[in-house]
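Trainee:
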Amino acid sequence: MTRKIVLDIETSSYDLNTFSESQQEYLFRYVDKEKDETLKQQKYDDALRMLSIYPYTAKAIVISLFDSVNEKYYTYYENNNLEEWSNEEGTHLYKGLTEPEMLESFWRIIDKADQIITFNGKVFDIPFLMLRSAMLRVKPSKNFLKYKYENKSHIDLLEQLTFCGLTKKFNLDFYCQAFGVPSPKQKGINGMEVKNYYEAGKIKEVAMYCRDDVEATYELYKIWNEYLNI
916 MTRKIVLDIE
926 TSSYDLNTFS
936 ESQQEYLFRY
946 VDKEKDETLK
956 QQKYDDALRM
966 LSIYPYTAKA
976 IVISLFDSVN
986 EKYYTYYENN
996 NLEEWSNEEG
1006 THLYKGLTEP
1016 EMLESFWRII
1026 DKADQIITFN
1036 GKVFDIPFLM
1046 LRSAMLRVKP
1056 SKNFLKYKYE
1066 NKSHIDLLEQ
1076 LTFCGLTKKF
1086 NLDFYCQAFG
1096 VPSPKQKGIN
1106 GMEVKNYYEA
1116 GKIKEVAMYC
1126 RDDVEATYEL
1136 YKIWNEYLNI
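All letters in the sequence shown, in the order written, are residues 916 to 1145 by my numbering.
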């Protein structure tokens, strides 16, 4: 049986004060050139928000995976104190770990995978995790980015649903609604709110949201695999 691992991550930026003066100058270099104060503030806010998607300015706060062999979800979320919990059925397992521990656990599971399934994972999730791992001196067990359009070991649904960029890109929520898949966004949280939830101490809510994203990605994959994988 082919072992498929579906995955998704959530990230959050570090406080701006943790970066050096030269780093801040680089991050906001285009903002300072804007003369219009309204536009300048808008560009500053946009630049600040984008810090959460770069591995050099943000950290992984949740990593969620679905293992197709044992049909279980494994979700790791940032917590300095080890804790574990699950749903009543024992199919959704959650564990609070430090970021290095999350990455180590992730690469242990991924090492056993025959194929991974992501949504925009070639552009975001996998590069982010690989670079964060290197920064934290954690050795990745596999490289799913060796070949740009290869889809045997890594199926990136955003790549597949746009036919490798030939058609317009939409977000996961849009694709889910278009294909009749329940969207996690309909439960009241979206990616833009993750940092606010995290800073408010609601990391478990973020963990459950990320797990829901993995489930939606898997459901979307099953439709793509049946009707478009030709």
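Just so you know, even glycine gets a beta-carbon here, dropped at the ideal spot from N, CA and C.
#1: Under 9 angstroms, do LEU922 and ILE1032 count as touching if we go by C-beta distance?
#2: Can you tell me the Cα-Cα spacing of PHE934 and LYS958, whole angstroms?
#3: Taking THR917 as the reference, which of ASP1029, GLU986 and VAL977 has the closest Cα?
#4: Within a Cβ cutoff of 7 angstroms, which residues of the same chain sit near LYS955, ignoring the five residues on either side of it in sequence?
#5: Among LEU1046, TRP1139 and LYS1117, whose alpha-carbon lies nearest the alpha-carbon of PHE1078?
#6: Less than 8 angstroms between C-beta atoms, sequence neighbours within five positions excluded: which residues of the same chain meet that for LEU942?
#7: Grab the span of the alpha helix (DSSP H) containing GLN1075 for me, first residue to last.
#8: ASP982: which of VAL1096, LEU1008 and SER1056 sits nearest, CA to CA?
#9: Say whether the region 1007-1023 touches the region 1048-1056, bearing in mind that this needs 3 or more beta-carbon pairs closer than 8 angstroms, one atom from each stretch.
#10: For GLN1092, would you say it is in contact with chain B, using Cβ-to-Cβ distances shorter than 9 angstroms as the test?
#11: With a Cβ-Cβ cutoff of 9 angstroms, do ARG1047 and PRO1099 count as a contact?
#12: According to the neighbour-count rule (16 or more other Cβ atoms, all chains shown, within 10 Å of its Cβ), is GLU993 buried or exposed?
#13: For SER927, which residues in the same chain have their Cβ closer than 8 angstroms to its Cβ, ignoring the five residues on either side in sequence?
#14: Cα separation between LYS1057 and LEU1018?
#15: Once DSSP output is grouped into helix, strand and coil, what is the label at GLY1011?
#16: Counting only the same chain and skipping the five closest in sequence on each side, list residues whose C-beta sits under 7 angstroms from that of ARG1126.
Mentor: A quick look at the data gives this:
#1: yes
#2: 19 angstroms
#3: ASP1029
#4: VAL946 and GLU949
#5: TRP1139
#6: PHE934, ALA962, LEU966 and THR972
#7: 1072-1076
#8: LEU1008
#9: yes
#10: Within the model displayed, chain B is absent; a lone protein chain is all it includes.
#11: no
#12: buried
#13: SER967, ALA973, LYS974, ILE976, VAL1109, LYS1110, TYR1113 and GLU1114
#14: 13 angstroms
#15: strand
#16: SER979, TYR988, THR990 and HIS1007
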